[in-house]
Amino acid sequence: MSLSGLRLARLWPWIERSAFRRFAFAALVAALASAMHWAIFPITQARVTFIFFIPAIVLTTTLAGRWPGVLVAVVGLVNSALMKSGSILIPNSAEQVALISSAVVSVLVIIVGDYYRSLSRRELSDLHDLHELSATLASIPKLPEQLHLILTTFARIHGAPRGVISTLDPARNVLEAAASVGFAERSLEAMRATPLGVGAVGQACAEKSRVVIEDAAHDPRCQVFRRLMPDEDVRAVHVTPLIARGGHVLGALAVHLDQARKPTEREIRIADICARKASVFIERARAEEQVSQQDRRFQSVLEASGVPFLIWSPVRNEAGKIIDFRFRYVNTAAAQVMRIEATEYLGKRVLEVLPRAWDEVGRLEMYIDALERSEVLQTERQSAADGNHAWYHIVASPLDGDIAVWFADITQRKAQERDLVEADRRKDEFLATLAHELRNPLAPIRQAASIARNPDATEAQRRWSNNVIERQVQHMSLLLDDLLDVSRITHGTLQLRRQQTDLQSIVGAAVETARPLLDERHHQLDIDVPAALHMYGDPLRLAQVLSNLLTNAAKYTHPRGAVRITATESEGELELTVEDSGIGISSEDLPRVFGMFAQVRSAQEHAAGGLGIGLALAKGIVELHGGRIEAASGGVGKGSRFTVHLPGAFRSVVSAPAARPALNGATVHKRILLADDNRDAAESLAIILRLEGHEVDVAHDGVTALQSFASKRPDVALLDIGMPKVNGFEVAQQIRAQPEGEHVLLIAITGWAQDSDRARSRAAGFDHHLTKPVEPDILIELLAPRPAAS
Ligand code: ADP
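Position in the sequence shown counted from 1, then plus 858, gives you our numbering.
Pasting the structure below:
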């Protein structure tokens, strides 16, 4: 707009405000025109008289109205008369004609000016109304009220007493009145569910074009409504369709007039403006409804899924760096996991409610990363924040500047994984132990056989060899029996041969079985079993359980320990207890000892290790008898107590201590220290070596081995690894640590044959690692080429 236009636009409303201002403006303009009129008078004389008043009248009439225009015209005419004759009375007829002409021109100018003024005023008032409408619409939240306001504004501008905005229901393809003005309730009822194409509104929607009914009384399109709405005196209907941006029809804006006429151009223009506004609001409301419907669906899916889910928005510091997150949404499942109400954390910062949430290094960074790199990240973490250390599978996904976080509780799965890994480890350990346990008897068997074969062997040596072979074979078959029993229990095929039995005979049988080991380790055995205790069970299997417990007590108690068996009966339940003063069991290991292949201390570390199935077997047999077995211990080093409720027992035969045959030495080539806690193995190997002419000293534990090394200074040390007191690794290390031990040939003889075992041997200082049973020829060869180290 030009500068003058701008000023005029401001001047007009100012003048409009009061009659005084309008006339004051007219007076001012008249004064200005008069001044100019008289200013040019000395030059023009009376030739130009009215010229300045024409624009003055135009300006005044258009800005201030017709009467102020008349005022300027009168002033102009008076001035013209004065200029021509010096008086307002004009004598000369030519001048009278000029004056009358000026008056006629003035009247014409005033009529035209006033017409344009009224046009502009209406335009201004329309503009004002539309402006008001826009401003008010912005503050109304709901569509029905918005449409109502548009409709009332439009009907007022249009001068219509009735009007309706109908919207198309796309699902049913019918029109419904969304806002109305001036109609009676009955008429509105009649307008319900108008099909497309019916009536003026239906036609406008169907044809997507304006429908004007100038004379409703005679128009067939109004017949239906005239019948349905006899109370309404409708003479004309003007309908503008509401068209969406996509071109489809949304409804129609209709006004019903009480006089038969067409809409004016101005009304059409305003109808279009109002229709556009209504379309915009309908479309916006539908879009919002769609979004909120999607939102509701999304929420109900999230709520129903049971997967904990939340949305966080980032909290940044002044430098724009993310330092925390804020809860924006928490679904019910997430609230349950966090033990809160779903709305309790909303708007709060994570650190405010879970102060340790970001303690773990990298946790916060993970979410920041997901957000900044716009990537979906997944991880499995243990939660320190909620105090129960549960495991969660977490998925973090960026969501419009926020971050959506799903977390599934996988604690159970993790525990299962751990159990699987543990079971796998136990299986590996079991296989290694089994190999070890099977090799153990093989060594003495092979060596005994080789002695028996040797033509130089004495009769006594041959007899001794036969005894060794017999004992070791029996030991192996017991081992295999145990394995088979375990398998039978696992598959539920172990059959009990129940009979009336007295507990004392079961205990007697078990003690008989365990006696050799108890004696070998010089344990003190106390038995306190009353004679009167009877039960119905399988005596062999129960003796098996008990002997297993006794054997364990003997194995896991340092020599000269105390083992005690007691039995009591209370409330019809037999309670059989085997107690020892041995190495004890830590509280973490206690629950595991009855597991299959469970060996709570590394099987390699204790000399008397078994397969780790004895207790599992005992438990199975006891449970087959309808009983239970419990383990208790004051902790490591504090002894153990195994209690069988109802009868239970076990069978086991443990090698009797081997007699040490005195052999005649052959030619002495080397001084050899041979340490092995398996006496049969040690003695038979010693015999082989002696037959080769070596001087052999035998030790059965690590301490004796070291003492023997110190006193005899051997050239070669053959060391078993799993020995009581000090194991083979430690013996080797201690020998190597001495100056005299530097050049000793150290050979590990063990049932452990894995790469890691060999590496461990090497690290301990061994030169060779032989697995049991040792091939005598290999050993003899190993010894042969080496010169004595001393
Ligand atoms: P193993 O063949 O290893 O003896 P068991 O099933 O008999 O297998 O015993 C399982 C584990 O329980 C043993 O390896 C040992 O660590 C522990 N255990 C059993 N009895 C005792 C006990 N009396 N004292 C200490 N620990 C024991």
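All C-beta atoms in this analysis are idealised placements derived from N, C-alpha and C, irrespective of residue type, glycine included. Bear in mind that the values here come from a model prediction, so they are computed numbers and not experimental data.
Placement of the Cβ of N1406 at a distance of less than 7 Å from at least one heavy atom of the ligand ADP is found.
Secondary structure of V1188 (DSSP, three-state): strand. The DSSP-derived three-state label of L1168 is strand.
The residue among R1297, I1479, I1385 and R1618 with its C-alpha nearest the C-alpha of L1469 is R1297. A Cβ-Cβ separation of about 16 Å leaves E1427 out of contact with L1404 under the 8 Å criterion.
Shortest gap from the CB of V1451 to any heavy atom of the ligand ADP: under 7 Å. Runs of the alpha helix (DSSP H) lying entirely within the stretch 988-1041 and spanning at least 4 residues, in chain order: 1001-1016.
Taking a 10 Å sphere around the C-beta of R1329, we find 16 or more other C-beta atoms and assign the residue as buried. Here W896 is exposed, its C-beta having fewer than 16 other C-beta atoms within 10 Å. DSSP places W1249 in the strand class (E or B) of the three-state scheme.
The alpha carbon of A1136 has as its nearest neighbour, out of H1247, S1024 and P1313, the alpha carbon of S1024. By the Cβ criterion, the stretch 1307-1322 is not in contact with the stretch 1285-1299, since fewer than three pairs of Cβ atoms, one from each stretch, lie closer than 8 Å.
Under the criterion of beta carbons closer than 8 Å, D1625 and I1605 qualify as touching, at roughly 6 Å. Taking one beta carbon from each stretch, the stretch 1069-1078 and the stretch 1035-1050 have fewer than 3 pairs nearer than 8 Å; the two do not touch. The alpha-carbon separation between Q1358 and L1338 amounts to approximately 29 Å. Between the alpha carbons of T1501 and I1579 lies a gap of roughly 33 Å. Taking 7 Å as the cut-off, one finds no heavy atom of the ligand ADP near enough to the beta carbon of L1341. The beta carbon of A1557 sits closer than 6 Å to those of A1533, A1563 and S1566, all from its chain and outside the five residues before and after it, given in chain order. When DSSP states are grouped into helix, strand and coil, D1555 belongs to the strand group. In this structure, the C-beta of I1471 approaches the ligand ADP to less than 7 Å from one of its heavy atoms. A direct Cα-to-Cα measurement between L1168 and G1109 gives close to 41 Å.
Within the same chain, Cβ atoms closer than 6 Å to the Cβ of A1539 are found at A1301 and P1302, the five residues on either side in sequence being excluded. The ligand ADP never approaches G1580 closely enough for any of its heavy atoms to be under 7 Å from the residue's Cβ. Distance from the C-beta of Y1414 to the nearest heavy atom of the ligand ADP is below 7 Å. About 4 Å separates the CB atoms of P1572 and L1531; that is less than 8 Å, so the two are in contact. Taking M1087 as the centre and dropping the five residues before and after it, the same chain places the C-beta of S1045 and A1048 closer than 7 Å to its C-beta, in chain order. The residue among V1451, A1490, H1627 and A1575 with its C-alpha nearest the C-alpha of G1478 is V1451. The straight-line gap separating the alpha-carbon atoms of A1425 and L1432 is approximately 7 Å. At the C-beta level, V1279 and V1253 stay beyond 8 Å of one another.
Within the stretch 1472-1501, the runs of beta strand (DSSP E) that reach at least 3 residues and sit entirely inside it are, in chain order, 1486-1491.
If you draw a 10 Å sphere on the C-beta of T1409, you find 16 or more other C-beta atoms in it, and that means buried. For G1453, no beta strand (DSSP E) segment is defined, and its DSSP state is neither H nor E. Listed in chain order, the non-local C-beta contacts of A1290 below 6 Å within the same chain number zero, local neighbours out to five positions each way being set aside. About 6 Å separates the beta carbons of G1623 and Q1591, which is inside the 8 Å limit, making them a contact pair.
A residue is called buried once 16 or more other Cβ atoms fall within 10 Å of its Cβ, and R880 is buried on that count. Every unbroken stretch of the beta strand (DSSP E) spanning 3 or more residues and falling wholly within the stretch 1546-1597 is given here in chain order: 1553-1557 and 1574-1578.
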